[in-house]
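**Q**
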Amino acid sequence: MKLIENPIRLNASLHKMIPYTVRHLYGKQPIKLYRNYTLGATHVYYIDAFNRIDVVMTNTHRNIKQDQVDFVVERLFPDVAVDELTIDQLAKAEIESEVHHKLKVKDLVIISQSKAQTA
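First residue of the sequence shown? That's 1 in the numbering used here, and the numbers climb one at a time after it.
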């Protein structure tokens, strides 16, 4: 497996790529940065908000396998213990029930890490 970073065009918007998912996760909260990766036919969005990091994995043709999730966790969270991450494999159903709209993806997985609040 290879995780390949795709360049982001200047006019690309995360709200246009995965609108219902971004609205579900952040609402009107600002996003610090995002990166777009591919893992075969699976799209991987690394989203860094100010208080947490989310990785959204989507696939339009088939379900996302556990070994793909493990590979992405290993690559994008190398120094983080797995028990510090929240892996939501039922995120698609949650988002669809919240927005009352069917998503255009076959499967969706969200991996989240909260950042420690320093004061």
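In this text, a Cβ means the ideal position worked out from N, Cα and C, and glycines have one as well.
What is the C-beta distance between L85 and D54, in whole angstroms, given that I count them as a contact (C-beta under 8 angstroms)?
**A** In fact, because the Cβ distance is near 10 angstroms, the residues do not count as touching under 8 angstroms.
**Q** Should A81 go down as buried or exposed, given a rule of 16 or more other Cβ atoms within 10 Å for buried?
**A** exposed
**Q** Quick check on this structure: which residue in V73, F50, V99 and E98 has the alpha carbon closest to the alpha carbon of V109?
**A** V73
**Q** Mark H120 as exposed unless 16 or more other C-beta atoms lie within 10 angstroms of its C-beta, in which case mark it buried.
**A** No information on residue 120 is available, as it lies outside the stretch 1 to 119 that the chain covers here.
**Q** How would you label I4, buried or exposed, when you count the other beta carbons within 10 angstroms and need 16 or more for buried?
**A** exposed
**Q** On the DSSP bridge assignment, give the partners of E5 in chain order.
**A** Y37
**Q** Answer with buried or exposed for A93, where buried requires no fewer than 16 other C-beta atoms within 10 angstroms of its C-beta.
**A** exposed
**Q** Roughly how many whole angstroms lie between the Cα atoms of K16 and Q89?
**A** 22 angstroms
**Q** In or out: Q135 buried (at least 16 other Cβ within 10 Å) or exposed?
**A** What is shown of the chain runs 1 to 119, which leaves residue 135 out entirely.
**Q** Look at the Cβ atom of L14, then the Cβ atom of Y45, and state whether they are nearer than 8 angstroms.
**A** Contact flag set, yes.
**Q** Please report how far the alpha carbon of Q117 lies from the alpha carbon of F50, in whole angstroms.
**A** Any answer about Q117 is weak, because its pLDDT of 48 lies below 50 and its placement is not dependable; what the coordinates show is given next. Their Cα atoms are separated by approximately 10 angstroms.
**Q** Using CA coordinates, which residue listed in F77, D83, R75 and L39 is at the minimum distance from R62?
**A** L39
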